[in-house]
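Numbering (the numbering used here), first residue to last: 473 to 745.
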């Protein structure tokens with residue numbers, strides 16, 4: 473039953489059977505079968521196909537928060553039983569590239585006292601990948617800078633950041649992060665604001681590679697001031713390009729150890745200012 477609920481939630485959130493299948497790592501026919509089984513159990517239609525989109529029915533809208541709560545309670549039950557057997561909690565922290573190389577070491581150091589009670593692992597992803605991992609409950613704590621939100625995700629500000637325009641300003645080459653990253657989001661905002669159409673774009677999935685290219689004298693880029701020094705020419709951008717780093721957690725999180733980790737970070741927010 474619970475895999476049917478997870479499939480329903482993913483289809484509801486993506487409005488697309490194909491995307492749901494990709495996120496759940498199952499086939500599209502399996503997604504269809506899960507939805508049909510759930511509709512049979514509920515004796516109600518949940519989705520209506522319109523062209524290439526899938527539209528939820530009124531029943532689906534009403535069932536969505538209930539399904540979220542049912543899955544949350546099931547995960548809590550599994551975790552509590554797991555604690556009895558293992559006495560350890562599995563915690564995954566997902567951090568954007570910028571957060572992972574600047575803020576994460578300090579965060580992990582804050583949580584060091586809990587390492588005897590939790591199995592902590594860290595994943596470095598772009599902001600959207602971290603957020604998707606949170607929605608799929610594959611990540612318990614997220615640290616990102618791209619402004620993303622969802623009704624089932626809670627967040628608080630951890631630190632601020634200032635973006636700069638760095639590199640050879642006369643270069644026709646723009647170094648850009650991949651789609652889905654926070655830097656990519658703000659770079660496109662800058663280009664649109666300045667009415668710039670880059671002649672050449674070189675996409676990189678790592679901030680360190682961009683900085684290395686800038687230091688070698690190749691291209692220009694929008695990047696965090698945390699990554700540049702006097703060896704790279706740069707100019708400060710306006711206040712609209714000041715961004716915040718956020719800590720994310722599940723709004724329905726009930727595991728006491730995960731909540732303790734989150735509260736520990738909250739109590740030391742001033743240390744990141």
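Virtual Cβ for every residue (Gly too), placed ideally from N, Cα, C.
Since this is a predicted model, take the numbers as computed values, not measurements.
*Please classify residue 570: does DSSP put it in a helix, a strand, or coil?*
Translated into the one-based positions of the chain shown, residue 570 becomes position 98. Shown here, residue 570 sits in a helix according to DSSP, grouped into three states.
*Every unbroken alpha helix (DSSP H) within the region 586-641, with a cutoff of 4 residues, ordered by chain*: Qualifying alpha helix (DSSP H) stretches, in chain order: 599-607.
*asked:* I need the straight-line Cα distance from residue 516 to residue 496, nearest angstrom please.
replied: By one-based count along the chain shown, residue 516 stands at place 44. By one-based count along the chain shown, residue 496 stands at place 24. Rounded to whole angstroms, the separation of the alpha carbons of residue 496 and residue 516 is 24 Å.
*Inspect the CB distances between the region 521-534 and the region 480-492 and report whether three or more fall short of 8 Å.*
Contact holds: three or more Cβ-Cβ distances are below 8 Å.
*asked:* If contacts are defined as beta-carbon pairs under 8 Å, then residue 612 and residue 564 qualify, I think. What distance do you get, rounded to the angstrom?
replied: Translated into positions along the chain shown, residue 612 becomes position 140. Translated into positions along the chain shown, residue 564 becomes position 92. So it is a contact: roughly 6 Å between Cβ atoms.
*Using 10 angstroms around the beta-carbon of residue 581, count the other beta-carbons present and answer buried if the total reaches 16, otherwise exposed.*
On the chain shown, position 109 is the one that residue 581 refers to. The residue in question, residue 581, is exposed, as its Cβ has fewer than 16 Cβ neighbours within 10 Å.
*Report the residue from 742, 679 and 632 whose alpha carbon sits nearest the alpha carbon of residue 655.*
If you number the chain shown from 1, residue 655 lands on position 183. The shortest CA-to-CA distance from residue 655 to any of 742, 679 and 632 is the one to 679.
_Buried versus exposed call for residue 599 [16 or more other C-beta atoms within 10 Å across all chains shown]_ = Against the chain shown, residue 599 aligns to sequence position 127. Taking all protein chains in view, the Cβ of residue 599 is crowded by 16 or more other Cβ atoms within 10 Å, so the residue is classified as buried.
*residue 722 lies in the beta strand (DSSP E); which residues open and close that run?*
Mapped onto the chain shown, residue 722 falls at position 250. Run containing residue 722: 714-722, per the beta strand (DSSP E) assignment.
*Does residue 653 get closer than 8 Å to chain C when you measure Cβ to Cβ?*
In the structure shown, chain C does not exist; there is a single protein chain.
*Using the Cα positions of residue 706 and residue 534, report the straight-line distance between them to the nearest angstrom.*
Along the chain shown, one-based indexing puts residue 706 at 234. Along the chain shown, one-based indexing puts residue 534 at 62. Looking at the two C-alpha atoms, the distance is approximately 52 Å.
_To test your reading of the DSSP string, which unbroken beta strand (DSSP E) runs of 3 or more residues are found completely within the region 492-570?_
Counting whole runs of 3 or more residues, the region 492-570 contains the beta strand (DSSP E) stretches 519-522, 525-528 and 561-567.
*One or two residues paired with residue 682 in a DSSP bridge*: Here residue 682 refers to the residue found at position 210 of the chain shown. Looking at the DSSP output, residue 682 bridges to nothing.
*Other residues of its chain near residue 433: CB distance less than 7 Å, five sequence neighbours each side excluded*: Outside the displayed range of the chain (473 to 745) lies residue 433, so it cannot be described from this structure.
*Going by DSSP, which residues form a beta bridge with residue 706?*
Numbered from 1 along the chain shown, position 234 holds the residue referred to as residue 706. Residue pairing for residue 706: DSSP places it in a beta bridge opposite 638.
*For residue 755, count neighbouring Cβ atoms within 10 angstroms of its own Cβ and tell me buried if that reaches 16, exposed if not.*
Residue numbering for the chain in the displayed model covers 473 to 745; residue 755 lies beyond these limits and cannot be assessed.
*Sort 610, 709 and 659 by Cα distance to residue 720 and report the nearest one.*
The residue you call residue 720 lines up with position 248 of the chain shown. Closest by alpha carbon: 610.
*Could you round the C-beta distance between residue 691 and residue 674 to whole angstroms and report it? I think they count as a contact, below 8 Å.*
Position 219 of the chain shown, counted from the start, is the residue given in the question as residue 691. Position 202 of the chain shown, counted from the start, is the residue given in the question as residue 674. Yes, residue 691 and residue 674 are in contact; Cβ-Cβ is about 6 Å, under 8 Å.
*Please check the pair residue 694 and residue 718, which I expect to be a contact at CB under 8 Å, by giving their CB distance rounded to whole angstroms.*
Counted from its first residue, the chain shown places residue 694 at position 222. Counted from its first residue, the chain shown places residue 718 at position 246. That belief does not hold up - the Cβ atoms of residue 694 and residue 718 are roughly 20 Å apart, past 8 Å.
*Is DSSP giving residue 656 helix, strand or coil here?*
If you number the chain shown from 1, residue 656 lands on position 184. DSSP, read as helix, strand or coil, puts residue 656 in helix.
*Which word fits residue 715, buried or exposed, when buried means at least 16 other C-beta atoms lie within 10 angstroms of its C-beta?*
The count along the chain shown starts at 1 and reaches residue 715 at position 243. Buried: at least 16 other Cβ atoms inside 10 Å.
_Suppose the cutoff is 6 Å on Cβ atoms and the five residues either side in sequence are ignored; what does the same chain contact list for residue 593 look like?_
Taking the first residue of the chain shown as position 1, residue 593 is located at position 121. Same-chain partners within the cutoff: 564.
_Residues near residue 503 in its chain [Cβ-Cβ closer than 6 Å; skip 5 each side]_ = For the purposes of this step, residue 503 is identified with residue 31 of the chain shown, where counting begins at 1. Same-chain partners within the cutoff: 479, 489, 492 and 493.
*Give a yes or no on whether the C-beta atoms belonging to residue 603 and residue 616 are separated by under 8 Å.*
The residue labelled residue 603 in the question sits at position 131 within the chain shown. The residue labelled residue 616 in the question sits at position 144 within the chain shown. Yes, the pair counts as a contact, with Cβ atoms nearer than the cut-off.
*Those residues which DSSP pairs with residue 649 across a bridge*: Position 177 of the chain shown holds residue 649. According to DSSP, residue 649 bridges with 676.
*Determine the burial state of residue 483: buried for a count of at least 16 other Cβ atoms within 10 Å of its Cβ, exposed for fewer.*
The residue labelled residue 483 in the question sits at position 11 within the chain shown. Classification for residue 483: buried.
*For residue 694, the first and last residue of its enclosing alpha helix (DSSP H)*: To locate residue 694, count along the chain shown from 1; it is residue 222. Element bounds for residue 694: not the alpha helix (DSSP H) but the beta strand (DSSP E), 692-696.
_Member of 681, 711, 710 and 712 whose CA lies at the smallest distance from the CA of residue 700_ = For the purposes of this step, residue 700 is taken as residue 228 along the chain shown, with counting starting at 1. With distances taken between Cα atoms, residue 700 lies closest to 681.
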